[in-house]
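In our numbering, the protein residues as written are 1488 to 1744. Yeah, the Cβ is synthetic: ideal placement off N, Cα and C, and Gly gets one too. This report refers to the structure that appears directly beneath it.
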């Protein structure tokens, strides 16, 4: 029996649409009836994730996302996905607010890199400043002994401008050009894989743009949701991230409220 999928969306709307398209394409079907039942809650009024992380005040963000997760569960969702990387900083709280599994996008991306790209020594991370500062990707990749390279201060500032521009004004050619240059800079510094650690980045960058593999976080999340929804593997870890870190020997207090 397929699970009903709930999507916490709107962060931003174009990224949510991109994720849904990739989820649809990743689903093994012979007719439209074989597709997943998907409930999308796209709310662009969710508090800015990067602002919340940089300010250290995650309560408003956590409250908003928990409310949406509970609403999706009441509507029948049996599995929840959130196509927004930096929102995963409050994954613990969201998982604690519902009784259904919530997929960990960050963990899935790290596993996809390790399993699909020969365990690189270093990856380049293109993400929001909030995601970079949170250390979520650094934490998960460190478990595999993989270094995470990030843009320099000027590049990161310009990347944030590009991300916000795409969220507000849509895709423009100059945004793609800058994303390619930023990725190339990381490759020059030793990145063997580029990780799109923001759901807007895949709209600006593809494998054809870079000399090393590009891992699309939306595509990875879509494939993970399909596997879990169809029961194609053992399921999804539903432990709060802090508890999982404690079991792994990590810092159980990291990014706690």
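- Under the criterion of beta carbons closer than 8 Å, residue 1681 and residue 1613 qualify as touching, at roughly 6 Å.
- In the three-state reduction of the DSSP assignment, residue 1683 falls in the strand class.
- Beyond the five residues adjoining it in sequence on each side, residue 1555 comes within less than 8 Å, by CB distance, of 1495, 1528, 1530 and 1533 in the same chain, given in chain order.
- The beta carbon of residue 1693 lies closer than 7 Å to those of 1701 in the same chain, with the five residues before and after it left out.
- Per DSSP, residue 1528 is one residue of the beta strand (DSSP E) stretching across 1525-1529.
- Between the alpha carbons of residue 1668 and residue 1719 lies a gap of roughly 38 Å.
- Shown here, residue 1719 sits in coil according to DSSP, grouped into three states, outside any helix or strand.
- Under the three-state reduction of DSSP, residue 1535 is assigned to coil, being neither helix nor strand.
- Residue range 1701-1703 is occupied by the beta strand (DSSP E) that includes residue 1703.
- Between the alpha carbons of residue 1536 and residue 1574 lies a gap of roughly 6 Å.
- The three-state secondary structure of residue 1496, taken from DSSP, is strand.
- Here residue 1597 has 1627 and 1628 as same chain residues with Cβ atoms under 6 Å from its own Cβ, once five neighbours each way along the sequence are excluded.
- Shown here for residue 1690: same chain residues with a beta carbon closer than 8 Å to its own, the five before and five after excluded, namely 1501, 1502, 1505, 1653 and 1658 in chain order.
- The stretch 1591-1606 and the stretch 1513-1525 do not touch, with fewer than 3 CB-CB distances between them shorter than 8 Å.
- Taking 4 residues as the shortest admissible run, the stretch 1566-1625 contains the following complete alpha helix (DSSP H) segments, listed from N- to C-terminal end: 1578-1584, 1592-1603 and 1616-1621.
- Comparing alpha-carbon positions, the option among 1655, 1665 and 1526 lying closest to residue 1642 turns out to be 1665.
- When only Cα atoms are considered, residue 1633 and residue 1546 end up about 31 Å apart.
- Taking a C-beta distance under 9 Å as the contact criterion, residue 1568 and residue 1491 do not qualify as a contact pair.
- DSSP, reduced to helix, strand and coil, places residue 1636 within a strand of the structure shown.
- Boundaries of the alpha helix (DSSP H) harbouring residue 1546: 1546-1561, taken from the DSSP string.
- With distances taken between CA atoms, residue 1677 lies nearest to 1637 out of 1544, 1637, 1685 and 1687.
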